[in-house]
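Asks: To start, I am sharing the structure in question, which I have written as structure tokens.
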Amino acid sequence: MAQNGRLSFIAEWFHVEAGITRSYLLTYYLSDNAVELYDQRSKKTFLRRTKIPELSPRDFFVGSKVNVFGRSFDIVDYADEISRNTLAKYRKRGFVLLKSSMWPKYLGEFVTTLIDNKININNGQMVQFTPTSVTQFLASKQDEDVQTSVLMNELLAGPAISLELIGDNVVEIIYACSKYNTEKASTTIVLSPSLQHLFDREDVRYGIYCSEREENVGKDLKFFFEERHNIIKDCQFKNTTLAIIKPHIIKDGLLGQILKEILSSGFKITAMRMLLMARVNCEEFYEVYRGVLPEFIPMVAQLASGVCMCLEVACEDPEKNSHQEFRNFCGPMDPEIAKLLRPHTLRSKFGSSKVLNGIHCTDLSDDTNLELQYMFKILE
Numbered sequence: 001m002a003q004n005g006r007l008s009f010i011a012e013w014f015h016v017e018a019g020i021t022r023s024y025l026l027t028y029y030l031s032d033n034a035v036e037l038y039d040q041r042s043k044k045t046f047l048r049r050t051k052i053p054e055l056s057p058r059d060f061f062v063g064s065k066v067n068v069f070g071r072s073f074d075i076v077d078y079a080d081e082i083s084r085n086t087l088a089k090y091r092k093r094g095f096v097l098l099k100s101s102m103w104p105k106y107l108g109e110f111v112t113t114l115i116d117n118k119i120n121i122n123n124g125q126m127v128q129f130t131p132t133s134v135t136q137f138l139a140s141k142q143d144e145d146v147q148t149s150v151l152m153n154e155l156l157a158g159p160a161i162s163l164e165l166i167g168d169n170v171v172e173i174i175y176a177c178s179k180y181n182t183e184k185a186s187t188t189i190v191l192s193p194s195l196q197h198l199f200d201r202e203d204v205r206y207g208i209y210c211s212e213r214e215e216n217v218g219k220d221l222k223f224f225f226e227e228r229h230n231i232i233k234d235c236q237f238k239n240t241t242l243a244i245i246k247p248h249i250i251k252d253g254l255l256g257q258i259l260k261e262i263l264s265s266g267f268k269i270t271a272m273r274m275l276l277m278a279r280v281n282c283e284e285f286y287e288v289y290r291g292v293l294p295e296f297i298p299m300v301a302q303l304a305s306g307v308c309m310c311l312e313v314a315c316e317d318p319e320k321n322s323h324q325e326f327r328n329f330c331g332p333m334d335p336e337i338a339k340l341l342r343p344h345t346l347r348s349k350f351g352s353s354k355v356l357n358g359i360h361c362t363d364l365s366d367d368t369n370l371e372l373q374y375m376f377k378i379l380e
């Protein structure tokens, strides 16, 4: 890693009340997971070197968001050449769009295989195209090797999932995957056996769209995650429930495994978004547990420690109660109890404590729409 055991970045924080963006020099110390912030405008130290155990080196790269004591900072650039040379090689950004013909069956395996190949998911959301929005998206693709009319019909066929990827040679790797076993495979990238196995399937290979060149990645990421095109898939709010895959699961590389468990156990995902929640929002979301659970404060800290994935989940069988079925599927809040009484549940398999129990599910049936509204409508 970087010389002197530290990484330096330019980070921005948006001050909501003042309506201004402030710029900071953010230094991350590798030896003790400590962060230091220097206000470049006032020329004063904003935060002295302070340990933040929830953060790890993988949280720091250009394009990421990090929570520091309740404030969300956007890392917009490297602050020195040492950090740039250390990270720019293997923390490049990529983009992939999973079509409705592919992701309901292969989403979990796809994400797991990417993570196993050191390609991480930095952002993601389910989108629903309209003829207008798909035309806007494809407008800049006329010079690329895509069959525009075919792709347009595929994207209008059902909801798609857009993913921001982070990894070494990520653009070249994903492009090589999309052309694997075809005559158009003009690439020097050699795919790993796990990627070859995944993309041996035609429905996986033809079920994705990806940015073919690095210069196009920024445009695609901006279209899906920054510009407002009203393409985020709305929740159904009818016989559905909320699931939140917690930050510790994503940091441990287990996101794909949990998605695979959900989609192979009689459930479907009807809406999805990844987000980094401010601490105040985490406290508000967990307010019902304040004074009730002694783990309230660490629960809030865990939810605010990194990106989480929010899902609207429904049973494949519309006659079943989605809220009750999914609660049973998640298991008791305490993984130790789950391991004894419900060993096949998600929390038994992926949890280690009441705080690090892998997944949040709505407790009360009457709260399902309230929690879905909070995650998918109120938090923007």
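In terms of UniProt numbering, the sequence shown is residues 1 to 380. Every residue, glycine too, gets a C-beta built ideally from N, C-alpha and C. Keep in mind the model is a prediction, meaning the values are calculated, not measured.
(1) Between the Cα of Val-111 and the Cα atoms of Ser-42, Ile-208, Glu-214 and Gly-19, which residue gives the shortest distance?
(2) Going by Cα to Cα distance, which pick from Leu-195, Gly-94 and Tyr-286 is closest to Asn-123?
(3) Mind reading off the beta-carbon distance from Thr-240 to Glu-312? Whole number of angstroms is fine, and I expect it under 8 Å.
(4) Look at the alpha carbon of Leu-242 and the alpha carbon of Phe-376, and state the distance between them as a whole number of angstroms.
(5) State buried or exposed for Val-68, treating a residue as buried only when at least 16 other CB atoms are found within 10 Å of its CB.
(6) How long is the line joining the alpha carbons of Pro-104 and Pro-298, rounded to whole angstroms?
(7) Taking only three categories from DSSP, how would you classify Thr-132?
(8) Is it a yes or a no for the segment 268-285 touching the segment 343-354, going by three-plus beta-carbon pairs under 8 Å?
(9) Restricting to runs no shorter than 4 residues, where is the alpha helix (DSSP H) found entirely within the segment 236-278?
(10) Suppose only complete runs of 4+ residues qualify. What are the alpha helix (DSSP H) ranges in the UniProt domain "DM10" (3-91), listed by chain order?
(11) What residue does the alpha helix (DSSP H) around Gly-218 start on, and which one ends it?
(12) If you compare alpha carbons, which of His-197, Asn-169, Ile-166 and Asp-168 is closest to Asn-181?
(13) On the DSSP bridge assignment, give the partners of Ala-160 in chain order.
(14) Using three-state DSSP, classify Arg-347 as helix, strand or coil.
(15) Among the residues of its own chain, which have a CB less than 6 Å from the CB of Gly-63, if the five just before and after it don't count?
(16) Would you please state the rounded distance, in angstroms, between the beta carbons of Ala-88 and Val-127? I believe it to be under 8 Å.
(17) Between Val-150, Thr-130 and Ala-314, which has its C-alpha nearest Ser-322's C-alpha?
(18) On the three-state DSSP scale, how would you describe Leu-198?
(19) Nearest-angstrom Cα distance between Asp-252 and Asp-59?
(20) Between Phe-326 and Thr-368, what straight-line distance do the alpha-carbon atoms span, to the nearest angstrom?
(21) Please work out which residues of its chain come closer than 6 Å, Cβ to Cβ, to Ile-10, disregarding the five sequence neighbours upstream and downstream, and give them in chain order.
(22) With a threshold of 8 Å, are at least 3 pairs of Cβ atoms found where one atom belongs to the segment 211-226 and the other to the segment 160-180?
(23) I'd like the list of long-range same chain contacts for Arg-49, defined as Cβ closer than 7 Å, with 5 residues on each side in sequence excluded.
(24) Relative to the C-alpha of Ser-23, which residue among Phe-73, Arg-6 and Ile-121 is closest?
(25) Would you kindly report the start and end of the unbroken alpha helix (DSSP H) that includes Met-299?
(26) By DSSP, does Asp-145 sit in helix, in strand, or in coil?
(27) Grab the span of the alpha helix (DSSP H) containing Ala-176 for me, first residue to last.
(28) Could you give the first and the last residue of the continuous alpha helix (DSSP H) run that contains Leu-341?
(29) Just to confirm my understanding: we take Leu-155, look at its own chain, exclude 5 residues before and 5 after, and list those with CB closer than 6 Å. What are they?
Replies: This is what the structure gives:
(1) Ile-208
(2) Gly-94
(3) 5 Å
(4) 10 Å
(5) buried
(6) 34 Å
(7) helix
(8) no
(9) 247-251 and 255-263
(10) 81-87
(11) 214-225
(12) His-197
(13) Val-127
(14) helix
(15) Arg-93
(16) The Cβ separation is near 29 Å, so there is no contact.
(17) Ala-314
(18) helix
(19) 12 Å
(20) 12 Å
(21) Val-76, Asp-77 and Ala-79
(22) yes
(23) Tyr-29, Ala-34 and Glu-36
(24) Phe-73
(25) 296-303
(26) Its pLDDT being 48, under 50, Asp-145 is placed unreliably in this model, and the coordinates cannot settle the point.
(27) 170-178
(28) 335-341
(29) Phe-129 and Val-134
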